[in-house]
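*Asks:* If you scroll down you'll find the structure; I have some questions about it.
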Amino acid sequence: MVLFRLNQIRVERMQSIENNKILVKLLPLAIAAAIFSTLATPRMVLGQEPAVNEEESSTVVYQAEFFEQYQPFSVNDMLARIPGINLARGRGDNRRGLGAGGNQVLINGRRVAGKGNEGNAQLSRIPANEVEYIEIIRGTSGDLDVRGGNQIINVVLQQAQSSQSYAYEVNTDHYHDGKYQPGAKISVTGQNRKLNYFLSAELEPRYEFRDGFERAFDVNGTLSNTVDRDEGRDSWPVTLQANLGYEFSQQNTANINFQWNDNEYDSYADRILTDFSVTPTTSTVERDTIPTEQSSWEIGGDYMHVFGNGNRWKTLFIVNDADNNSVRSRFQVDGTTLERDLYLSNVERTRERIIRSSYIANFSQAHSVESGIERAQTTLDTSLQLGLLGSTSAGERFGGLTAITDSTGTVEELRSEYFAIHNWQLNDRMSLESTMLFEDSTISQSGTSNRSRSFTFFRPRFDYRFDLTSSVQFRATVEKDVQQLSFRDFTAGVDSMDDEQNAFEGNADLRQQQLWRYEANFEYRFPQDAGVLNSNFFFEDLEDVIDNVDVSTATQILSARGNVGDGERYGVRLDGSLRLSFINQPQVLVTAGLNLEESTLVDPFLNIDRERSIRGGGSSYSFGFRHDIPTFRNMNYGINYRREFYKEFKVYDIDKTEQYPKIGSYFGWVEIQGNTGVIYRFEARDSRDRCRLRTRYAGGTIATGYIEEIEDSCSDAGPVLALKIRGTF
């Protein structure tokens, strides 16, 4: 009965999938037809051209008037019209602590003190009608609130004694199994004399249904088993944010920011396992249920005082707390009977307490120095219980099954960074920014393993910039970087990527991965805002690379994350963004990108040179197309495509290897404005198939054992179609 119902559901889902595929196939045809029709339209003149700041030739300023012809909804919509904006929108690496800020977005010249609630996260919520101008800062300066970024976006909002505006969005997503999921956003931005505020609430759908199939072969190529897998997740996270700023005087300003997130959802996986190695062929049915609870909150703030001589003192702080709890139960299905044979509970709580304070002194127009200290405390509490079907029961803590693993742990890092940043404007075309940073940290672990270790690092950085002309800039960077350790690598955790591996071991002996990074960057900006070409060449000399290592016992083959030795990584990134003015279409913006990466290290299991273990792959290409038609209800449409390529990177483990063949993903949209100013937007996106080729070994490791089976699996979440309605009042 259960098998019949599962097959019936699959037939219904496949019919829905086919209908959606027809719609998705029609989307590129519609876009192509629109492109063809626009080639005959008369040339449209752009609005006010962006200006170059006379005091800082490497800063490009886009006044609000430049965007009026498009009538954008949010700051994100404004940035989408700027060629080469992707160079300034690179996100950070989610390091612990605050750091110098890197590529964070500035709001009114100030850095937003937050991790999840920083400047980038606000761009889709700030209404475009609140913006006075946008700066693309390509140079370095002691006056900037962040350091170390390639380019910096500064969004300057309008000043008024009293103002208030609302922005809203309602949307519905349609998934390939026929599911509809609504969502909504609302925000208010305003000023009341010296107080400015930004409040937002968001309910965003994160539903997914993934249909997959796996075939396993023995070493002779004979089919041994198959797995027909359906996976689903019904997530609907709620996010509330508040950003408040107050100007006590021209010399004293303060900001405080809040964020709260809650996401409680259920996941499931249905599997039909068919064994072809026995006669007659047998089939079993399994079902996983994975209820998950995620919640987090964050409070951040900053204060700045400007002295009479122009020097500044600023302090930032962040306090946050995040919980992530999940319980996986696997059941064997026999008709209407469910028998639990696996119970896996994983509880994680992460807390951060950060304060960063510095003093910025301007010794002359050419020299400024920022010196200060950052102090951070990060704590991870984990608890993992694994129960399997056996002869005894260990109670509800293990789901009524036999206890196999009971691991608890706490990892805490106390870290101090002492830094000095010297900015030297060599002349009106060249600058050199030098950073000297000393890091002192102590990592303590308690629970299943108890130990404490201390580390000290010196991390210099040099950033040289030369404006050969107002259009051509050369950038060179040399820096020593120390990658922060992942706390999850210290303690036992869950392997959600492998049905046959329930959990993995922790490693309390990890050392930080270190590297010297060398970069050279050339950027050319076409006249009259016609486009941007950028090339970046990089080389990284790696030390103590972290990958999988052997931690086997006398009775069990095990692996964990560990240091495998030294390595290298090098490559080139090419980006281009061009308006098609030369064919009389300045409102058409075409983008393209190419990333090539090569990396090597010595494998700890096979003792051979190989590429590093990553699931993503280091090389990719992308292209995009955008066409604005301001004269026709401010219509715009476009498509973006991205695909990874160039060697299917492997993940090496002690008893298996995994390859992840890549298939490109796309995102397309059509947007039009109604008579009342309301914006209607249709989107289609598809991450395409997710495939994996896994080779399992038995009788030892990948170096000493033999190939047991080769698993070839693919799954597809299908296209997602979305309708969004936006407006302001």
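According to our numbering, the sequence shown is numbered sequentially starting from 732. For each residue, glycine too, the CB sits at the ideal point set by N, CA and C. A quick note: this is a predicted structure, and the numbers were derived from the prediction, not measured.
If I follow the unbroken beta strand (DSSP E) through D1112, where does it start and stop?
*Replies:* Indexing the sequence shown from 1 puts residue 1112 at position 381. Element bounds for D1112: 1098-1119.
*Asks:* Under the rule that 16 or more other beta-carbon atoms within 10 Å means buried, what is A1285, buried or exposed?
*Replies:* Here residue 1285 refers to the residue found at position 554 of the sequence shown. Under this definition A1285 is an exposed residue.
*Asks:* What are the partner residues of T957, as DSSP defines its beta bridges?
*Replies:* The count along the sequence shown starts at 1 and reaches residue 957 at position 226. BP columns for T957 point to R946, T1005.
*Asks:* Could you check whether the stretch 1064-1077 touches the stretch 1031-1050, counting it as contact only if at least three pairs of C-beta atoms, one from each stretch, sit closer than 8 Å?
*Replies:* Verdict: no, contact absent.
*Asks:* Assign P1022 to one of three DSSP states: helix, strand, or coil.
*Replies:* Position 291 of the sequence shown, counted from the start, is the residue given in the question as residue 1022. Looking at P1022 - three-state DSSP - the assignment turns out to be strand.
*Asks:* Measuring straight from C-alpha to C-alpha, what distance separates R1196 and I868?
*Replies:* Numbered from its first residue, the sequence shown carries residue 1196 at position 465. Numbered from its first residue, the sequence shown carries residue 868 at position 137. Each residue's Cα considered, the two are about 12 Å apart.
*Asks:* Look up Y801 in the DSSP assignment and say whether it is helix, strand or coil.
*Replies:* Reading the sequence shown from its first residue, position 70 is the one you call residue 801. Note: Y801 maps to helix in three-state DSSP.
*Asks:* Specify, as a first and last residue, the run of the beta strand (DSSP E) that N974 falls within.
*Replies:* In the sequence shown, residue 974 corresponds to position 243, counting from 1. Run containing N974: 969-980, per the beta strand (DSSP E) assignment.
*Asks:* Identify whether A1434 lies in helix, strand or coil by the three-state DSSP scheme.
*Replies:* The sequence position of residue 1434 within the sequence shown is 703, counting from 1. Coil at A1434, not helix or strand.
*Asks:* I need the boundaries of the beta strand (DSSP E) containing N1265, first residue and last residue.
*Replies:* Within the sequence shown, the letter at position 534 stands for residue 1265. Where N1265 is concerned, the enclosing beta strand (DSSP E) stretches over 1262-1281.
*Asks:* Count the C-beta pairs between the stretch 1094-1104 and the stretch 1054-1062 that are closer than 8 Å, then say yes if the count reaches three, no if not.
*Replies:* At 8 Å Cβ cutoff, the stretches do not touch.
*Asks:* Counting pairs of Cβ atoms below 8 Å between the stretch 1111-1129 and the stretch 1155-1165, do you hit three or more?
*Replies:* With a cut-off of 8 Å, the stretch 1155-1165 and the stretch 1111-1129 do not count as touching, because too few Cβ pairs lie within range.
*Asks:* Using C-beta distances below 6 Å, list every residue in its chain close to Y1034, excluding the 5 sequence neighbours before and after it, in chain order.
*Replies:* The residue given as residue 1034 occupies position 303 in the sequence shown. Only A985, T1046 meet the Cβ criterion.
*Asks:* Is S1290 closer than 7 Å to I1441 when the C-beta atoms are compared?
*Replies:* Within the sequence shown, numbered from 1, the residue matching residue 1441 stands at position 710. Within the sequence shown, numbered from 1, the residue matching residue 1290 stands at position 559. No.
*Asks:* Nearest to N1040 by CA position, among S1099, E1271, V1280, is which residue?
*Replies:* Against the sequence shown, residue 1040 aligns to sequence position 309. Measuring from the Cα of N1040, the nearest candidate turns out to be S1099.
*Asks:* Which residue comes first and which comes last in the beta strand (DSSP E) that contains V1319?
*Replies:* Mapped onto the sequence shown, residue 1319 falls at position 588. Here the beta strand (DSSP E) through V1319 covers 1316-1333.
*Asks:* Using a Cβ-Cβ cut-off of 7 Å (strictly less than) and excluding sequence neighbours within five positions of L1246, which residues of its own chain qualify?
*Replies:* By one-based count along the sequence shown, residue 1246 stands at place 515. D1212, E1271, D1272, L1273, E1274.
*Asks:* Which of the three DSSP states is assigned to E786 in this structure?
*Replies:* Counted from its first residue, the sequence shown places residue 786 at position 55. Here the model assigns E786 a pLDDT of 48, short of 50, so the residue's position is not dependable, and the following value carries that caveat. Residue state, collapsed to three classes: coil.
*Asks:* What residues match up with L829 in a beta bridge as DSSP calls it?
*Replies:* Taking the first residue of the sequence shown as position 1, residue 829 is located at position 98. None, per the DSSP bridge assignment.
*Asks:* Ignoring anything shorter than 3 residues or poking outside the stretch 861-891, list the beta strand (DSSP E) runs there in chain order.
*Replies:* Those beta strand (DSSP E) runs which fall completely within the stretch 861-891 and span 3+ residues are 862-868, 883-888.
*Asks:* Just grab the DSSP bridge partners of D1194 for me.
*Replies:* Walking along the sequence shown from the start, residue 1194 turns up at place 463. According to DSSP, D1194 bridges with E1164, T1208.
*Asks:* Shortest alpha-carbon distance to E1402 belongs to which of A1453, L854, A1207?
*Replies:* Residue mapping note: residue 1402 aligns to position 671 of the sequence shown, counting from 1. It is A1453 whose Cα lies nearest to the Cα of E1402.
*Asks:* Which stretch, first to last residue, makes up the alpha helix (DSSP H) that contains L810?
*Replies:* Stepping through the sequence shown from its first residue, residue 810 is reached at position 79. Looking at the DSSP string, the run of the alpha helix (DSSP H) that includes L810 is 806-810.
*Asks:* Report yes if the CB atom of F1178 is closer than 7 Å to the CB atom of T1136, and no otherwise.
*Replies:* Start at 1 with the first residue of the sequence shown, and residue 1178 comes out as number 447. Start at 1 with the first residue of the sequence shown, and residue 1136 comes out as number 405. It should be noted that the sequence gives Gly, not Phe, for residue 1178. The answer is no: Cβ separation not under 7 Å.
*Asks:* If you reduce the DSSP assignment to three classes, tell me which class R1423 lands in.
*Replies:* Residue 1423 sits at position 692 when you count from the first residue of the sequence shown. R1423 falls in the strand class under three-state DSSP.
*Asks:* At the level of alpha carbons, what is the spacing between A844 and V969?
*Replies:* What you label residue 844 is simply residue 113 of the sequence shown in a count that begins at 1. What you label residue 969 is simply residue 238 of the sequence shown in a count that begins at 1. Approximately 21 Å between the Cα atoms of the pair.
*Asks:* What did DSSP end up calling E933 once you bin it into helix, strand or coil?
*Replies:* Here residue 933 refers to the residue found at position 202 when the sequence shown is read from its first residue. Strand.
*Asks:* From the DSSP output, in three-state form, read off F1038 for me.
*Replies:* By one-based count along the sequence shown, residue 1038 stands at place 307. Of the three classes helix, strand and coil, the one that applies to F1038 here is coil, per DSSP.
*Asks:* What would DSSP say about Q1244, mapped onto helix, strand or coil?
*Replies:* Residue numbering aside, residue 1244 sits at position 513 when the sequence shown is read from its first letter. Coil.
*Asks:* Decide if P1011 is buried, meaning its Cβ has at least 16 other Cβ atoms within 10 Å, or exposed.
*Replies:* In the sequence shown, counting from the first residue as 1, residue 1011 sits at position 280. Per the 10 Å Cβ criterion, exposed.
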